[in-house]
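Numbering (my numbering), first residue to last: 3 to 383.
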């Protein structure tokens with residue numbers, strides 16, 4: 003068993019880290035204040051090959067593993083968890099189209115997705131269906147040449163900002179078997195957006211409701227088979243949970259790095275506060291917890307890459323463990339900064355706010371516990 007990264011994986015991490023430190027970190031606070039990110043950023047990201055991380059190379063993707071992708075998102079989150087996580091959602095759409103789309107579908111969407119000429123958003127959650135995603139009500143009525151969509155999606159990262167929306171819609175009966183996946187392009191008649199949500203964190207990425215009012219989408223825009231959309235969505239969430247965990251890990255690591263530096267400069271009672279044993283113990287605890295979370299996350303990614311039968315359980319466990327740990331560590335780092343941690347200038351309070359949602363999206367951590375418990379009980383029957 004080899005826990006070391008390969009030379010290529012180390013290079014991937016270093017490239018993402020360097021890009022983030024140069025192009026994202028200096029602007030993160032301004033983008034948060036603006037409530038959006040410049041479109042030019044994504045062209046640069048696409049040039050690095052980060053627009054289609056696990057899309058096949060024949061369609062313009064990088065063909066990387068899920069483990070490789072976690073390295074990218076961990077590194078980018080060390081500059082800004084909000085920006086890195088937005089990219090992870092775009093990549094989740096690409097992975098779904100690459101895995102389940104027809105040849106025609108892949109040729110139509112993936113080249114521009116991978117280059118990030120077009121930015122994609124993922125639309126599953128609705129005002130009345132979050133954790134109970136199979137209860138979604140957005141209806142797609144089939145006609146001779148199109149699906150006519152009616153309904154509303156909620157909490158959509160990139161709502162009103164992205165160029166295309168991968169939407170789960172109801173084409174058939176109630177429950178998971180009646181759900182299909184379609185791609186809706188920006189500018190389609192009947193597609194509109196709510197006002198930008200005012201959020202606790204992730205302020206740099208626009209978030210809004212996505213509304214469909216007699217929105218006609220060509221039948222050719224369906225991804226995969228009719229009635230299989232919920233299966234595709236759940237498969238996409240395994241990887242999404244790894245990515246969102248990696249983003250939390252990167253944010254917490256950045257908080258810990260900043261805290262160690264701060265404690266070496268801040269003086270109290272005649273010496274720097276990193277010399278107080280009680281505070282050293284806190285640092286040791288945070289370092290241990292982050293290293294354990296990183297190891298577990300990479301094991302879960304390896305299981306997903308190798309098609310292990312318990313991969314879904316491990317992705318859920320990783321999401322639960324890593325995001326809870328990262329949030330705890332970031333909050334503890336704020337405490338070690340004292341009053342300065344509460345100020346925006348030091349960047350810690352932003353990380354605390356950004357990481358809070360990682361415990362909610364891609365399935366709440368309560369749902370992660372449910373997935374783990376159900377599979378554990380099934381394994382022992």
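Here a beta-carbon is modelled for each residue, glycine too, at the ideal position from N, C-alpha and C.
Where do the N-terminal and C-terminal ends of the beta strand (DSSP E) with residue i fall, by residue?
i, result
"residue 212", "209 to 220"
"residue 142", "141 to 144"
"residue 183", "181 to 187"
"residue 172", "166 to 172"
"residue 153", "148 to 159"
Write down the C-beta distance between residue i and residue j rounded to the nearest angstrom, noting that I regard them as a contact closer than 8 angstroms.
i, j, result
"residue 318", "residue 370", "4 angstroms"
"residue 139", "residue 161", "Wrong, their Cβ atoms sit about 18 angstroms apart, outside the cutoff."
"residue 231", "residue 183", "4 angstroms"
"residue 173", "residue 228", "6 angstroms"
Going by CA-CA distance only, name the one from the options that's closest to residue i.
i, options, result
"residue 330", "310, 250 and 34", "250"
"residue 364", "236, 335, 104 and 192", "236"
"residue 277", "264, 67 and 288", "264"
"residue 146", "222, 275 and 333", "222"
"residue 8", "241, 60, 69 and 273", "69"
"residue 347", "274, 260, 333 and 321", "260"
Taking buried to mean at least 16 other C-beta atoms within 10 Å of its own C-beta, is residue i buried or exposed?
i, result
"residue 1", "Absent from the model: residue 1. The displayed extent of the chain is 3 to 383, so no value can be given."
"residue 297", "exposed"
"residue 72", "buried"
"residue 93", "buried"
"residue 207", "buried"
"residue 21", "buried"
"residue 64", "buried"
"residue 5", "exposed"
Between the alpha carbons of residue i and residue j, how many angstroms are there, rounded?
i, j, result
"residue 350", "residue 343", "6 angstroms"
"residue 34", "residue 352", "9 angstroms"
"residue 310", "residue 303", "10 angstroms"
"residue 181", "residue 99", "16 angstroms"
"residue 254", "residue 144", "46 angstroms"
"residue 211", "residue 171", "15 angstroms"
"residue 126", "residue 262", "40 angstroms"
"residue 88", "residue 271", "44 angstroms"
"residue 123", "residue 155", "11 angstroms"
"residue 115", "residue 49", "12 angstroms"
"residue 97", "residue 168", "11 angstroms"
"residue 404", "residue 61", "Since the displayed the chain opens at 3 and closes at 383, residue 404 lies outside it and no answer follows."
"residue 290", "residue 334", "14 angstroms"
"residue 11", "residue 17", "10 angstroms"
Specify, as a first and last residue, the run of the alpha helix (DSSP H) that residue i falls within.
i, result
"residue 117", "105 to 117"
"residue 305", "279 to 308"
"residue 82", "Counting along the chain, residue 82 falls outside any alpha helix (DSSP H), and DSSP gives it neither H nor E."
"residue 26", "Counting along the chain, residue 26 falls outside any alpha helix (DSSP H), and DSSP gives it neither H nor E."
"residue 202", "Neither: residue 202 is in no alpha helix (DSSP H) and is coded neither H nor E."
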